[in-house]
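Number of protein chains: 2
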Amino acid sequence: MAHIQLAEEFYMANEALKSFTPTSASIPPPGVNYRLRLPSGTPVHLHALNPLAFVLRSAQIYSNKLAIVHPDVRHPVIYSYAVWAQRIQNFAYGLLEAGIQPGDRIAFIAPNMSAYHGVLGARAIICAINTRLTHGEVAYILEHSGAKLIFVDHESAHLVKGAKAPVIVVNDTGKEDDPYEQFLTSGRKFSNERGWAGLEWERNEDAGCALNYTYVAPPHQTGRERFVVDVVIGSYLAAVANAYDTGMNRDSTYLWILPMFHASGWTFPWAVTFASAAQICLRSVSYPHIWNHLINSGVTHYCGAPTVQIGLINAPMARRLEKPVFAIIAGSAPTAHLIGELEKRNIKPVHVYGLTCTYGPSTVCYYQPDWTSRALDERARLLARQGHAFATAEEVRVVFPLKEGESLDAPLVDVPKDGQTMGEIVFRGNIVMKEYFKDPEATRKAFRGGYFNSGDLAVWHPDGYIAIMDRSKDIIISGGELSTHPDVLEVSVVARSHPKWGERPMAFVILHPQKAEKWAGRHSEFEKDLKEHARKRLPGFACPEWVSIVPELPVSIIVLEEVVRVVT
Amino acid sequence: MAHIQLAEEFYMANEALKSFTPTSASIPPPGVNYRLRLPSGTPVHLHALNPLAFVLRSAQIYSNKLAIVHPDVRHPVIYSYAVWAQRIQNFAYGLLEAGIQPGDRIAFIAPNMSAYHGVLGARAIICAINTRLTHGEVAYILEHSGAKLIFVDHESAHLVKGAKAPVIVVNDTGKEDDPYEQFLTSGRKFSNERGWAGLEWERNEDAGCALNYTYVAPPHQTGRERFVVDVVIGSYLAAVANAYDTGMNRDSTYLWILPMFHASGWTFPWAVTFASAAQICLRSVSYPHIWNHLINSGVTHYCGAPTVQIGLINAPMARRLEKPVFAIIAGSAPTAHLIGELEKRNIKPVHVYGLTCTYGPSTVCYYQPDWTSRALDERARLLARQGHAFATAEEVRVVFPLKEGESLDAPLVDVPKDGQTMGEIVFRGNIVMKEYFKDPEATRKAFRGGYFNSGDLAVWHPDGYIAIMDRSKDIIISGGELSTHPDVLEVSVVARSHPKWGERPMAFVILHPQKAEKWAGRHSEFEKDLKEHARKRLPGFACPEWVSIVPELPVSIIVLEEVVRVVT
Numbered sequence: 001m002a003h004i005q006l007a008e009e010f011y012m013a014n015e016a017l018k019s020f021t022p023t024s025a026s027i028p029p030p031g032v033n034y035r036l037r038l039p040s041g042t043p044v045h046l047h048a049l050n051p052l053a054f055v056l057r058s059a060q061i062y063s064n065k066l067a068i069v070h071p072d073v074r075h076p077v078i079y080s081y082a083v084w085a086q087r088i089q090n091f092a093y094g095l096l097e098a099g100i101q102p103g104d105r106i107a108f109i110a111p112n113m114s115a116y117h118g119v120l121g122a123r124a125i126i127c128a129i130n131t132r133l134t135h136g137e138v139a140y141i142l143e144h145s146g147a148k149l150i151f152v153d154h155e156s157a158h159l160v161k162g163a164k165a166p167v168i169v170v171n172d173t174g175k176e177d178d179p180y181e182q183f184l185t186s187g188r189k190f191s192n193e194r195g196w197a198g199l200e201w202e203r204n205e206d207a208g209c210a211l212n213y214t215y216v217a218p219p220h221q222t223g224r225e226r227f228v229v230d231v232v233i234g235s236y237l238a239a240v241a242n243a244y245d246t247g248m249n250r251d252s253t254y255l256w257i258l259p260m261f262h263a264s265g266w267t268f269p270w271a272v273t274f275a276s277a278a279q280i281c282l283r284s285v286s287y288p289h290i291w292n293h294l295i296n297s298g299v300t301h302y303c304g305a306p307t308v309q310i311g312l313i314n315a316p317m318a319r320r321l322e323k324p325v326f327a328i329i330a331g332s333a334p335t336a337h338l339i340g341e342l343e344k345r346n347i348k349p350v351h352v353y354g355l356t357c358t359y360g361p362s363t364v365c366y367y368q369p370d371w372t373s374r375a376l377d378e379r380a381r382l383l384a385r386q387g388h389a390f391a392t393a394e395e396v397r398v399v400f401p402l403k404e405g406e407s408l409d410a411p412l413v414d415v416p417k418d419g420q421t422m423g424e425i426v427f428r429g430n431i432v433m434k435e436y437f438k439d440p441e442a443t444r445k446a447f448r449g450g451y452f453n454s455g456d457l458a459v460w461h462p463d464g465y466i467a468i469m470d471r472s473k474d475i476i477i478s479g480g481e482l483s484t485h486p487d488v489l490e491v492s493v494v495a496r497s498h499p500k501w502g503e504r505p506m507a508f509v510i511l512h513p514q515k516a517e518k519w520a521g522r523h524s525e526f527e528k529d530l531k532e533h534a535r536k537r538l539p540g541f542a543c544p545e546w547v548s549i550v551p552e553l554p555v556s557i558i559v560l561e562e563v564v565r566v567v568t
Numbered sequence: 001m002a003h004i005q006l007a008e009e010f011y012m013a014n015e016a017l018k019s020f021t022p023t024s025a026s027i028p029p030p031g032v033n034y035r036l037r038l039p040s041g042t043p044v045h046l047h048a049l050n051p052l053a054f055v056l057r058s059a060q061i062y063s064n065k066l067a068i069v070h071p072d073v074r075h076p077v078i079y080s081y082a083v084w085a086q087r088i089q090n091f092a093y094g095l096l097e098a099g100i101q102p103g104d105r106i107a108f109i110a111p112n113m114s115a116y117h118g119v120l121g122a123r124a125i126i127c128a129i130n131t132r133l134t135h136g137e138v139a140y141i142l143e144h145s146g147a148k149l150i151f152v153d154h155e156s157a158h159l160v161k162g163a164k165a166p167v168i169v170v171n172d173t174g175k176e177d178d179p180y181e182q183f184l185t186s187g188r189k190f191s192n193e194r195g196w197a198g199l200e201w202e203r204n205e206d207a208g209c210a211l212n213y214t215y216v217a218p219p220h221q222t223g224r225e226r227f228v229v230d231v232v233i234g235s236y237l238a239a240v241a242n243a244y245d246t247g248m249n250r251d252s253t254y255l256w257i258l259p260m261f262h263a264s265g266w267t268f269p270w271a272v273t274f275a276s277a278a279q280i281c282l283r284s285v286s287y288p289h290i291w292n293h294l295i296n297s298g299v300t301h302y303c304g305a306p307t308v309q310i311g312l313i314n315a316p317m318a319r320r321l322e323k324p325v326f327a328i329i330a331g332s333a334p335t336a337h338l339i340g341e342l343e344k345r346n347i348k349p350v351h352v353y354g355l356t357c358t359y360g361p362s363t364v365c366y367y368q369p370d371w372t373s374r375a376l377d378e379r380a381r382l383l384a385r386q387g388h389a390f391a392t393a394e395e396v397r398v399v400f401p402l403k404e405g406e407s408l409d410a411p412l413v414d415v416p417k418d419g420q421t422m423g424e425i426v427f428r429g430n431i432v433m434k435e436y437f438k439d440p441e442a443t444r445k446a447f448r449g450g451y452f453n454s455g456d457l458a459v460w461h462p463d464g465y466i467a468i469m470d471r472s473k474d475i476i477i478s479g480g481e482l483s484t485h486p487d488v489l490e491v492s493v494v495a496r497s498h499p500k501w502g503e504r505p506m507a508f509v510i511l512h513p514q515k516a517e518k519w520a521g522r523h524s525e526f527e528k529d530l531k532e533h534a535r536k537r538l539p540g541f542a543c544p545e546w547v548s549i550v551p552e553l554p555v556s557i558i559v560l561e562e563v564v565r566v567v568t
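Taken in order, these protein sequences are the chains called A and B. The first sequence stops at residue 568 when you use UniProt numbering, and every number in between is there. The second sequence stops at residue 568 when you use UniProt numbering, and every number in between is there.
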């Protein structure tokens, strides 16, 4: 294969990568062009926005540049933009070959996937499913979404047993005999070398492209899961803002710490390609691998769930990085301690906020020019706020919540910008989901007053920054370590007032389903066990004072929303 | 007024700025919000893209940050984002008060203007007119555009004498008694403090927002000027790409060297506000002022017509800058000499290409990661190419030109990517004009094959870079100095083959209309005069070997297109 620019560090350190050869179906034909067929009647001066454009453009300009690499696995793979684009095209043709029609849902249960681009080529909809769900939950999603085709990572294959739709296993090898590669190879054959021109550009910017499973919080809680429909123009604009606001460009390297299946990976699968940046995949949150890449692979950006950060700064390999790395943090406000520790390692926190219903992050706590000179505590207090709508979003507001008996059509009223009056955060515009899938009634309620009502309670500060009140408490993020306890499925740690220390950590834990019985009626013993687990791994101040098992909390909750949901 | 952040350098150096107070009508009311009225039926999740959003968002997040300053005039002015946004709102209300309807054209003949934002508030269309045109040409544009209202800088007032539409003179003072300020103050009163909510958001992304006068080159030449209609979504997306691709952000300061009336200022009036950056206005290309700002005002970006660069590097104040400045250069390729000289001064050239019909620049010669290590000459050769479509544009192509007798609907055929076969550059997508105003026939011809046909001849290189053949010659840019000759109106200098030196500069000159008679029949004497003028100001190699007076070249030609047009 052609030499991939800028990937020397991988070649050096990794013999398997050095000798890796993409399947022959992954190699683009000579004279490839990147133009899809346009629907007839497309005006010369209007082109439906679609994030598929990003990877096409990157493949054109930076064909030999590193697009994506998956190094820390038994069979590492590495693809240039030109090769990766060809694989995306093959995937799209594979879908067509399988009879997929525009608007059909494609399920993906895997830590990583390039399907975020591939589905756009076939005008299908990706339904990425959390690999940590149970078989029953996955079955529910497959049923509800009506997925026509299922791709599943070999480690998650048990989750789709008995599924009605055809299943394709991804062995994550990149080798010709991998069933996933056979799907791509077959797609390439099916294309009959028509190339991109054999696929049609989506004319409707409002067409769905991702279906994301979420948990809906009060006041819209009905006790069941919802599917969030994201559309192509929203995905395009959210990705542009994520790239722009985090300063990603062609010199950037993005490390996948955030699972790619969380709310379309916060649109970063597309944001990274808008920037023509490189991306490094992981199969799980492994601190040695993460630090190896931070130190040796030129990583410039990562998104981090709050539970990841403490583990990251406490890892044995942790050190000060030569060049700054931007950590996009959502889910809870970074504390002064955390900011200080990250800064010591030359990691710069970017505090963002959003929900699955807003394509992941859609606000940024923008740094004001005069904050840099402030003391750490003061900066942390300012940075803890959720901030303002990001570059392509409309203004985020804090409004008085729905009153008893009030019409859903009543105009929303802003709370005063006094930093004190509590209200509900609402969003509107292109970075808001289209609807809950097959649930017009829930959609109608969520869209009270012409805005998406987040259910998050917040104040509006005089400087225009919004701040979630629950989150504005210093939340101690030690969940990353707690989640390594073998019986823990999900965990969130929040600050709770303490008579002596002011505040101490409290952990909310969801047990692994198969372990729930083991601890039934013995919650205090589990608490003891978890605290012991914590003491071995965390400084005393970060160990939980209290532990609460919350079996009723849906395990599918996305990390973005995790802390607030648990606290309410 | 509130202290403006980051503007210390201006306050320090400029007493008049220090004491400047905006008119009382410029001060936003307490509790201002930035939401326009939405047309009924606007979906929650779709919001028509409109660059007005940029200044609203900047005013919200960075209300006290420097938005715009005009320092080097008798009455300097400086506005924060909050104050500037209020002035933009006042302008919109002023238009409504004057009876302006959506789609009406507003003429502006001035070196600087915030009308690019203000018209969007009233859903009107700005028609910015080159201040260097003659009275007759201005009259033609006013007539053809049907401008309902005319704003004219006090120095250009003679150009609109006898105009039918009402004229408002801009004295460029920022003081209460300035007729322009009276217009804004009256607009504020007319608003009755309804604020932004009293204005309606443009529902139609395809509505016109700018009308730009251009000269149409062969093969579409008909000997008359054309008006290019730009729409709101195109302006939005072009501005986003210009900000993203040049790395502008809230820490940036943009210096207006490019006239703001050239092809909507290449959309930089909006791009700068997308970035929440600061902008510094000039009334004319004055090297001492430019260098003062490069050295003392934190300038990070400017757009430069080719004729400006040589003057810039040869100015007495020229020196190496502490921090890098990005020079966005269009109109001709930067030569190795120029790149070298700019780099010595820590100015980094970004070579862009486009036409008035493509919102100004819409391609960038993207730097490949491995170019940095190449020798200057090699880099210059690579950088001289026009490159690839920019971040929000669709692929730019080089196709075989229209054949004799061929249908305009015939599909376009790419030239081979061999770096040799000449073809015509064509564009399509959101960064292409909507149409020629009131000229469907010319539009139809320009849109042959579903693409905008540029008339520029180019080759397509194997690496996907397009390169204009005329421009790929090393064009010696000494026009900046030649244009200081008192009898010269416009000048372009190109390379022409020379028996001894390989290539030598040739100057094409348009004389000032009032000087044409003076030199009538004495062109060789003028040539001698101009060469002498050049020798006093330029190194020998940059002095023109030949001088040609070209009275038939429209003086309104935009700098972007200047060189190529003259060469054809």
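All C-beta atoms, glycine included, are put in the ideal place defined by N, C-alpha and C. The structure presented is a predicted model; accordingly, all values stated were derived computationally and were not measured.
Using beta-carbon distances, VAL232/A does not count as an interface residue toward chain B, since no partner is under 8 Å.
When ILE125/B, ILE339/B, PRO462/B and ILE88/B are compared, the shortest CA-CA separation from ARG381/B is found for ILE339/B.
Per DSSP, TYR180/B lies in no beta strand (DSSP E); the unbroken alpha helix (DSSP H) holding it starts and ends at 179-191. In this structure, TRP266/A places its C-beta atom within 8 Å of the C-beta atom of CYS303/A. GLY387/A is a Cβ neighbour of CYS365/A, given a cutoff of 8 Å.
Boundaries for ASP456/B: no alpha helix (DSSP H) harbours it, while the beta strand (DSSP E) harbouring it runs 452-460, taken from the DSSP string. Secondary structure note for GLU143/A: its alpha helix (DSSP H) is the uninterrupted segment 135-145. Below 8 Å, too few C-beta pairs join the segment 196-203 of chain A and the segment 169-185 of chain A to call them touching: fewer than three. Closest in alpha carbon position to SER407/B, among ARG448/B, THR443/B, VAL432/B and ARG379/B, is ARG448/B.
Linking HIS301/B to HIS158/A through their CA atoms gives a straight-line distance of about 56 Å. Around the C-beta of VAL69/A, 16 or more other C-beta atoms lie within 10 Å, and the residue is accordingly described as buried. Beta-bridge analysis with DSSP links ASP172/B to no other residue.
The Cβ atoms of LEU482/A and LEU530/A lie closer than 8 Å to each other. Remark: C-beta atoms of SER80/B and ASN90/B do not approach each other more closely than 8 Å. Looking at the DSSP output, SER286/A bridges to nothing. Counting other Cβ atoms within 10 Å of its Cβ, ASN212/A reaches 16 or more and is therefore classed as buried.
Three or more Cβ pairs closer than 8 Å define a contact, and the segment 242-249 of chain B falls short of that threshold against the segment 35-52 of chain B. Linking PRO401/A to SER454/A through their CA atoms gives a straight-line distance of about 10 Å. When DSSP states are grouped into helix, strand and coil, ALA243/A belongs to the helix group. By the neighbour-count definition (other C-beta atoms within 10 Å, threshold 16), ASP377/A is an exposed residue. Residue state for TYR116/A is assigned as helix, using DSSP reduced to three classes. A distance below 8 Å separates the beta carbons of GLU394/B and HIS47/A.
At least 8 Å separates the CB of VAL69/A from every CB of chain B.
Between ASP206/A and chain B, the shortest Cβ-Cβ separation is below 8 Å. By the neighbour-count criterion, in which 16 or more other beta carbons inside 10 Å mark a residue as buried, VAL231/B falls on the buried side.
Taking each of TYR451/A, PRO440/A and ILE549/A in turn and checking the Cα distance to VAL488/A, the smallest one comes out for ILE549/A.
As the crow flies, the alpha-carbon of MET433/A is around 38 Å from that of GLU545/A. Residue-level contact by beta carbon holds for GLN60/B and chain A, with a gap shorter than 8 Å.
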